[in-house]
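Engineer:
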């Protein structure tokens, strides 16, 4: 149902050309790994999709309609996003999930999906800790679990495996490789391309 | 009536400032110029207020009285806006409006419902009560807005993450509104708890010196404290929600 199209996108940031004549079509269920050197605007691309950044020229279409015709709050409901720094609020994980369940239009349960916790080896006792006190790896897994619980058509994952050990890395990759939804990944980990359905797109 | 303060009395007090200037000099506290300018400004400003308040009280024209209090709000809102780290131009208007609504409501409510005036626009009341409210609201608004603007700047990534998770702008900003409101009303809440124990409030002291009996002065003090608390509360909320309309675009991004 959802098709995302970027057509001849140009985007400058602080006078630096981040995206130049960039085009990409993303169909539902596509698995894409974005690759480029650091500082080449991979994260910016995800922010553009989410409507946090706006292109200087070019077109961003969703199902053939220009992004302007949607409200940005509507657009964001298409994506489950995990950002590079995992910028979760500084409260207890349990309270945060409850809060997210109250955001308009979200239909996730107010308590965490324990099956997912088991799969990603996320200890349930961590739910009563302040998110700030979790390790980088724990936080990344919490963010992944929340993203999955949102049940949205596309995942946007920015360096989600960076803080994980190799066992967990392969679990994360295999989950997203086999899931029903579209996945757009930014990562320096080669494991995303090993025997997976991901195709590489260079910026 | 109490004894009047003479010019000589003021002069004696001014003499006491001199040792502080000297100690500042010894300690290299570079504030002497500022202190002197501030004292002189205070004397000139209050003298002028004394003169034209007398004039305004004599005229007691309703339109003039309301205009006067609106000008006070304008000055207060300019000084609040100037204390924020954001681009000023856009904020003068929303901060002024967010100040007028709760303050004007409260002063008229106070005059009608609390002291039951026949003329709720009476200069002696609307200007003095309004001025007291404004002075207190001003500091609350500065503390609250600065806390809010600093929070949303520091937590930009978290706010965007919440937006990506599906939050509306108000939902994403809720933790920072909460902080701002707390920091804005805390001083008033604490002072209500200690008033009379560790300090005698200025308004009450003034009334007693002016010849009121303590019980009457206390009623005014209680009323004004509650009015200050409520006005401060709604002023910081209206400031946040009205300025938000001017500092966030339809993408939920700040452009100030």
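Chains as they are written, first to last, in my numbering: chain A, 1 to 203; chain B, 1001 to 1256. C-beta: ideal position from N, C-alpha, C; glycine also.
So, is the C-beta of residue 1251 (chain B) closer than 8 angstroms to a C-beta in chain A?
Structural biologist: yes
Engineer: Does residue 1157 (chain B) have its Cβ less than 8 angstroms from a Cβ in chain A?
Structural biologist: yes
Engineer: Straight-line CA distance for residue 1084 (chain B) to residue 1209 (chain B)?
Structural biologist: 38 angstroms
Engineer: Output needed for residue 1140 (chain B): all residues of its chain with C-beta closer than 8 angstroms, excluding positions within five of it in sequence on either side, in chain order.
Structural biologist: 1184, 1185, 1187, 1188, 1232, 1235, 1236
Engineer: Does DSSP classify residue 103 (chain A) as helix, strand or coil?
Structural biologist: coil
Engineer: Closer than 7 angstroms, Cβ to any Cβ of chain B: which residues of the region 83-95 of chain A, in chain order?
Structural biologist: 83, 85, 87, 88, 89
Engineer: Would residue 1165 (chain B) pass as an interface residue toward chain A - the criterion being a Cβ-Cβ separation below 8 angstroms?
Structural biologist: So, interface residue.
Engineer: How many Å lie between residue 193 (chain A) and residue 1089 (chain B) at the Cα?
Structural biologist: 52 angstroms
Engineer: Using a Cβ cut-off of 8 angstroms (strictly closer), state whether residue 171 (chain A) contacts chain B.
Structural biologist: No, residue 171 (chain A) does not count as interfacial toward chain B.
Engineer: Does the distance from the CB of residue 1077 (chain B) to the CB of residue 1096 (chain B) come in under 8 angstroms?
Structural biologist: yes
Engineer: May I ask which residues mark the beginning and end of the beta strand (DSSP E) holding residue 1003 (chain B)?
Structural biologist: Taken as a continuous stretch (DSSP letters only), residue 1003 (chain B) belongs to no beta strand (DSSP E), as it is neither H nor E.
Engineer: In whole angstroms, what separates the C-alpha of residue 1015 (chain B) from that of residue 1034 (chain B)?
Structural biologist: 17 angstroms
Engineer: Could you tell me how far apart the beta carbons of residue 103 (chain A) and residue 1164 (chain B) are, in whole angstroms, since I believe they sit closer than 8 angstroms?
Structural biologist: The distance from the Cβ of residue 103 (chain A) to that of residue 1164 (chain B) is about 10 angstroms, inconsistent with a contact at the 8 angstroms cut-off.
Engineer: Can you name the residues of chain B whose CB is closer than 7 angstroms to the CB of residue 157 (chain A)?
Structural biologist: Chain B residues near residue 157 (chain A): none, gap ~12 angstroms exceeds 7 angstroms.
Engineer: Go through the region 138-177 of chain A residue by residue and report every complete run of the alpha helix (DSSP H) that reaches 4 residues or more, in order.
Structural biologist: none
Engineer: Is residue 1089 (chain B) helix, strand or coil when you go by DSSP?
Structural biologist: coil
Engineer: Can you name the residues of chain A whose CB is closer than 8 angstroms to the CB of residue 1176 (chain B)?
Structural biologist: In chain order: nothing, as chain A lies at least about 11 angstroms away.
Engineer: Let me know the secondary structure DSSP gives residue 1096 (chain B) once reduced to three states.
Structural biologist: helix
Engineer: Pairing CB atoms from the region 154-172 of chain A with CB atoms from the region 92-103 of chain A, are three or more of them under 8 angstroms?
Structural biologist: no
Engineer: To the nearest angstrom, how far is it from the Cα of residue 1031 (chain B) to the Cα of residue 1043 (chain B)?
Structural biologist: 18 angstroms
Engineer: Report buried or exposed for residue 1081 (chain B), applying the criterion of at least 16 other Cβ atoms within 10 angstroms of its Cβ.
Structural biologist: Burial check for residue 1081 (chain B): the Cβ neighbour count within 10 Å reaches 16 or more, so the residue is buried.
Engineer: Say whether chain A places a C-beta atom closer than 8 angstroms to the C-beta of residue 1171 (chain B).
Structural biologist: yes
Engineer: Mapping the DSSP letters down to three states, classify residue 23 (chain A) as helix, strand or coil.
Structural biologist: Assigned with DSSP and collapsed to three states, residue 23 (chain A) falls in strand.
Engineer: Note down, in chain order, each residue of its chain lying with its Cβ closer than 6 angstroms to the Cβ of residue 27 (chain A), except the 5 sequence neighbours on either side.
Structural biologist: These residues qualify, in order along the chain: 3.
Engineer: Kindly confirm or deny that the region 1102-1121 of chain B and the region 1168-1184 of chain B touch, where touching means at least three C-beta pairs closer than 8 angstroms.
Structural biologist: no
Engineer: Is the distance from the Cβ of residue 202 (chain A) to the Cβ of residue 150 (chain A) below 8 angstroms?
Structural biologist: Contact: no.
Engineer: Ignoring anything shorter than 4 residues or poking outside the region 1152-1239 of chain B, list the alpha helix (DSSP H) runs there in chain order.
Structural biologist: 1156-1164, 1169-1194, 1202-1209
Engineer: In the DSSP assignment, find the unbroken beta strand (DSSP E) run with residue 200 (chain A) in it and report its ends.
Structural biologist: 199-202
Engineer: Just how far apart, CA to CA, sit residue 183 (chain A) and residue 1104 (chain B)?
Structural biologist: 55 angstroms
Engineer: Under DSSP, the alpha helix (DSSP H) around residue 1051 (chain B) begins and ends at which residues?
Structural biologist: For residue 1051 (chain B), the enclosing alpha helix (DSSP H) stretches over residues 1032-1059.
Engineer: List, in order along the chain, the chain A residues whose C-beta lies closer than 9 angstroms to that of residue 1168 (chain B)?
Structural biologist: Ordered by position in chain A, the residues that pass the 9 angstroms Cβ test against residue 1168 (chain B) are 73, 103, 104.
Engineer: When burial is assigned at 16 or more other CB atoms within 10 Å of the CB, is residue 53 (chain A) buried or exposed?
Structural biologist: buried
Engineer: For residue 1214 (chain B), count the other beta carbons within 10 Å of its own beta carbon; 16 or more makes it buried, fewer makes it exposed. Which is it?
Structural biologist: Residue 1214 (chain B) comes out exposed.
Engineer: Anything in chain A within Cβ reach of residue 1160 (chain B), meaning under 7 angstroms, just list it in chain order.
Structural biologist: 52
Engineer: Using a Cβ distance threshold of 8 angstroms, determine whether the region 161-168 of chain A contacts the region 135-144 of chain A, with at least three qualifying pairs required.
Structural biologist: yes
Engineer: Around the C-beta of residue 198 (chain A), are 16 or more other C-beta atoms found within 10 angstroms, so that it is buried, or is it exposed?
Structural biologist: buried
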